[in-house]
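Listed in order, the protein sequences are those of chains R and L. Position 6 (the first sequence) corresponds to 6 in my numbering; numbering is contiguous. Just so we're on the same page, my numbering is the position in the second sequence counted from 1, plus 1000.
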Amino acid sequence: LPVVTEKDEL
Amino acid sequence: MNFFRLLGDLSHLASILILLHKIKTTRSCRGLSFKTQALYVAVFITRYLDLTYRWVSLYNFVMKLFFIGSSCATLYLMRYKYCPTHDPSIDTFKIEYLVGPCAILALIFNYKFSVSEVLWSFSIFLESVAILPQLFMLQRTGEAETITTHYLAALGIYRAFYIPNWIYRYFTEGVVDPIAIVAGIAQTGLYLDFFYVYFTKVMQGEKFELPA
């Protein structure tokens, strides 16, 4: 599964 | 950005506004754990270091600044302005037991072995347990002011909303964030006892009191 690379959450 | 994520962020925002409102109107930080608030400062600073080198969006930027600023302001109010109203003798949870394991977990579980990624992981793990000194204090006193319980409820609901957000993102974007998901579920789990009393008592107009 692709992991979120560009973190856009807080 | 999706509906669940937005509700989560708004709940987080609301929790901080309720907290500051409580301190200002009662002119007291009675019932609040200084240790929990100090942990939140550590959480926000270690997580939002990317403010200095990465632009996500105006929303992201403003929220990050607000969370760092408001958590530092809370600490200042508790430490200086309303210091006499804080009773360290009931705020006795040992935060070393939280910070140490979170640091070790961050060194093991991270997306890249770099300073910023390890600190990010650390902040995620630490956030999941940062409420424990506050809940421990609540357990010791056995009761809380209603406004304080509203603060805790909003703070607990915030991460709970992130869970459907992650499920939604998995189906719409095909991405997962296992570190945030595991920590987020654990974080929400810590509130279950509190939620039970909050929804069965405070929401029915009763005072927040734990059974003896």
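Using N, Cα and C, we set each Cβ at its ideal position, and we do this for glycine too.
CA-to-CA, the gap between L1051/L and F1061/L works out to about 7 Å.
Taking a C-beta distance under 8 Å as the contact criterion, T1092/L and C1029/L do not qualify as a contact pair. F1208/L is bridged by DSSP to A1144/L.
Using a C-beta cut-off of 8 Å, the segment 1114-1130 of chain L makes no contact with the segment 1064-1074 of chain L, since fewer than three inter-stretch Cβ pairs fall below that distance. Your pair Y1168/L and V1176/L does not check out as a contact, with CB atoms roughly 12 Å apart and the cut at 8 Å. V1182/L carries a helical assignment under DSSP once its states are collapsed to helix, strand and coil.
Taking a C-beta cut-off of 8 Å against chain R, the contacting residues of the segment 1055-1069 of chain L are V1056, S1057, N1060, M1063, K1064, F1067, listed in chain order. Secondary structure within the segment 1044-1105 of chain L: not one fully enclosed beta strand (DSSP E) run of 3 or more consecutive residues is present.
A distance below 8 Å between beta-carbons, with the five flanking residues on each side excluded, links I1018/L to the following residues of its chain, in chain order: I1147, H1150, Y1151, A1154.
Rounded to whole angstroms, the Cβ separation of F1161/L and G1008/L is 3 Å, and the two are in contact under 8 Å. For G1174/L, the C-beta contacts it makes with chain R under 9 Å involve L1, P2, in order along the chain. Cβ proximity to chain R below 8 Å picks out Y1111, W1120 from the segment 1108-1128 of chain L. Taken atom to atom, the span from the alpha-carbon of T1172/L to that of F1003/L is near 13 Å. At the C-beta level, A1186/L and S1128/L come within 8 Å of one another. Here DSSP, grouped into helix, strand and coil, assigns V4/R to coil. An exposed status is given to L1/R, since fewer than 16 other beta-carbon atoms sit within 10 Å of its beta-carbon. Within chain R, the residues L10 have their CB atoms less than 8 Å from the CB of D1009/L, given in chain order.
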